[in-house]
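Here's the structure we're looking at; comments come further down.
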Amino acid sequence: MKSDATLSICGPLRSPKQMLEHQEYDGHSSIHDDETAEKLGFKAGPIEGPTHFSQLAPLLFELFGQAFFERGCISAHYQNMVVEGEQVRAFATAHPGGTSAYVWLEKSDGTPVLEASASVGPEHGSTLLEQRMAKLRPPGPLVILEDLAVGMKGAADEAVRMDPDQHMGKLYPFSLNQKLAKITETSPWYSDPSSTPWGKAIIPLEMISVLAEYSNHQAGFPVKGPAVGLFADQEIRLVKGPLFVGEDYLIRREIAALSESRRTESYWVRTQIFDPTGEELLAEMLLNHASLKHSYANYETRLAELG
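Start counting at 1 in the sequence shown, then tack on 2, and there's your number in our numbering.
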């Protein structure tokens, strides 16, 4: 899109599906389990945040064309959880110049779900999460994240891939094909190589998050637990995309920031996805893992010990 005019578009109401009710990490159920969520004071197990990226994909394609799937960036702050049965609508307003936009999702009653910047590179300007990170204040004493430090790198390179029927593990107890049976916005590009401009099936925007997190236990970051976590902020940036179904990739990770709020301790991880040689950067993800303080046993006691 090349225009100096402002363009606003929206998608239809959709009902995203919950596929993480059986998710497990640290040997316990996650916040996406209804019982666990209710114990922590939430209505029910929420749908995972990046699920909503699929509703944005058609709007981003309308604004930017296939270039978004090659060098696009979505930089999102999650605002309110969505549970299965609720309806959600996606919106986008393009900025003059044709390479960036403001996008957001709302529930049918107007409750905000997420806000994000979207852009096509290689020059993206200042993304929403870059702006948010610039405003982070140094955290006080951390308990769950006591042993982490900014700049800490993952223990080793991680080899990953996503085949159509590959079960994606305890964190993501489903396959790509199972996701495609329930995805809010489907496309032949996700399963039919002959339909795409690249001659290969592409990994959906929301499933890039799954690929990037699939092997995260290999990083060995010394996060204390058990504690229940959630995604608070997430940026996916394609450098030389798309990422393809059934191809091998190599992942490297680094702690980009540490922060806290009244209820959470957060570690921001920058995940880089390379070709199998580890020489060509193809995509990046920045993810704010927020751990709920009150889900960690004896949190206040340990905090007092740290002074």
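Quick reminder that beta carbons are idealized off the backbone N, C-alpha and C, glycines included.
Please read these numbers as outputs of a predicted model, since none were measured by experiment.
Task: Extent of the continuous alpha helix (DSSP H) run through I210 - done: Note, I210: alpha helix (DSSP H), L207 to E215.
Task: Whole runs of the alpha helix (DSSP H) within the stretch 148-211, excluding any shorter than 4 residues - done: Considered as a whole, the stretch 148-211 harbours 178-182 as its complete alpha helix (DSSP H) runs of no fewer than 4 residues, in chain order.
TODO: Tell me whether N300 is buried or exposed, calling it buried when 16 or more other Cβ atoms sit within 10 Å of its Cβ.
DONE: Exposed: under 16 other Cβ atoms inside 10 Å.
Open item on the list: I need the boundaries of the beta strand (DSSP E) containing Y104, first residue and last residue.
Closed with: DSSP places Y104 inside the beta strand (DSSP E), whose first and last residues are S102 to K109.
TODO: Name the two residues that bound the continuous alpha helix (DSSP H) containing Y301.
DONE: Note, Y301: alpha helix (DSSP H), Y301 to L308.
Task: Sequence-distant residues of its chain with Cβ nearer than 8 Å to G153 (five each side left out) - done: If you ignore the 5 residues before and after G153, its C-beta comes within less than 8 Å of the C-beta of E256 and I257, all in its own chain and listed in chain order.
Task: Cβ-Cβ distance between M170 and Y104 below 8 Å - done: Not in contact: M170 and Y104 (Cβ atoms no closer than 8 Å).
Open item on the list: Within 8 Å, do at least three Cβ pairs link the stretch 287-302 to the stretch 206-225?
Closed with: These segments touch.
- [ ] For the stretch 95-115 and the stretch 57-77, state whether three or more C-beta atom pairs, one from each stretch, are separated by less than 8 Å.
- [x] Segment contact: the stretch 95-115 against the stretch 57-77, three or more CB-CB distances shorter than 8 Å; contact assigned.
TODO: With distances taken Cα to Cα, identify the nearest neighbour of Q180 among G123, P166 and A203.
DONE: Minimum Cα distance to Q180 is reached at P166.
- [ ] State yes or no: is the C-beta of G156 within less than 8 Å of the C-beta of G231?
- [x] Cβ distance not < 8 Å, so G156 and G231 don't count as in contact.
TODO: Report the three-state DSSP secondary structure of E132 (helix, strand or coil).
DONE: Residue state, collapsed to three classes: helix.
Task: N82 - DSSP class collapsed to helix/strand/coil - done: N82 falls in the coil class under three-state DSSP.
Open item on the list: Under 8 Å, with one C-beta from each stretch per pair, do the stretch 114-132 and the stretch 142-149 reach the 3-pair mark?
Closed with: The stretch 114-132 makes no contact with the stretch 142-149: fewer than 3 CB pairs, one atom from each, lie closer than 8 Å.
Open item on the list: I'd like to check one pair, G74 with A118: are the Cβ atoms closer than 8 Å?
Closed with: Their beta carbons are not under 8 Å apart, which means A118 does not touch G74 by this criterion.
Task: Close-in-space but distant-in-sequence residues of the same chain around Q81 (CB under 7 Å, 5 per side omitted) - done: The residues are P114, V115, L116 and E117.
Open item on the list: With H, G and I counted as helix, E and B as strand and the rest as coil, what does DSSP make of S31?
Closed with: Bear in mind that a pLDDT of 46 at S31, under 50, signals an unreliable position, so the number given afterwards is only what the model happens to contain. DSSP places S31 within a strand segment (E or B) once states are collapsed to three.
TODO: Could you please give the first and the last residue of the uninterrupted beta strand (DSSP E) stretch that includes R272?
DONE: T266 to F276 is the extent of the beta strand (DSSP E) around R272.
Open item on the list: Going by the DSSP bridge assignment, what does N290 pair with across the sheet?
Closed with: DSSP output for N290 lists D235 and W270 as bridge partner(s).
Open item on the list: If distances are taken between C-alpha atoms only, which option among A136, G227, D111 and V247 comes closest to I205?
Closed with: Of A136, G227, D111 and V247, the residue nearest in Cα terms is V247.
Task: Exposed unless 16 or more other CB atoms sit within 10 angstroms - verdict on L308 - done: Around the CB of L308, fewer than 16 other CB atoms lie within 10 Å, so the residue is classed as exposed.
- [ ] Take V225 as the anchor and find which of I210, P195 and L260 has the nearest alpha-carbon.
- [x] Minimum Cα distance to V225 is reached at L260.
Open item on the list: Please state the DSSP three-state secondary structure of G51.
Closed with: For G51, the secondary structure class from DSSP, reduced to helix, strand or coil, is helix.
Task: Alpha-carbon to alpha-carbon, Y192 and N218 - done: Going by the C-alpha atoms only, they are around 24 Å apart.
- [ ] Give a yes or no on whether the C-beta atoms belonging to F71 and G280 are separated by under 8 Å.
- [x] No, Cβ-Cβ distance for F71 and G280 is not below 8 Å.
Task: Cβ-Cβ distance between D250 and R163 below 8 Å - done: For D250 and R163, yes; Cβs fall inside 8 Å.
Task: Residues of its chain near R254, where Cβ-Cβ distance is below 8 Å and the 5 sequence neighbours each way are ignored - done: Same-chain partners within the cutoff: K155, G156, D159, E160, T273, Q274, F276 and G280.
TODO: Kindly indicate which three-state DSSP category E72 falls into: helix, strand or coil?
DONE: In the structure shown, E72 sits in a helix (DSSP, three-state: H, G or I).
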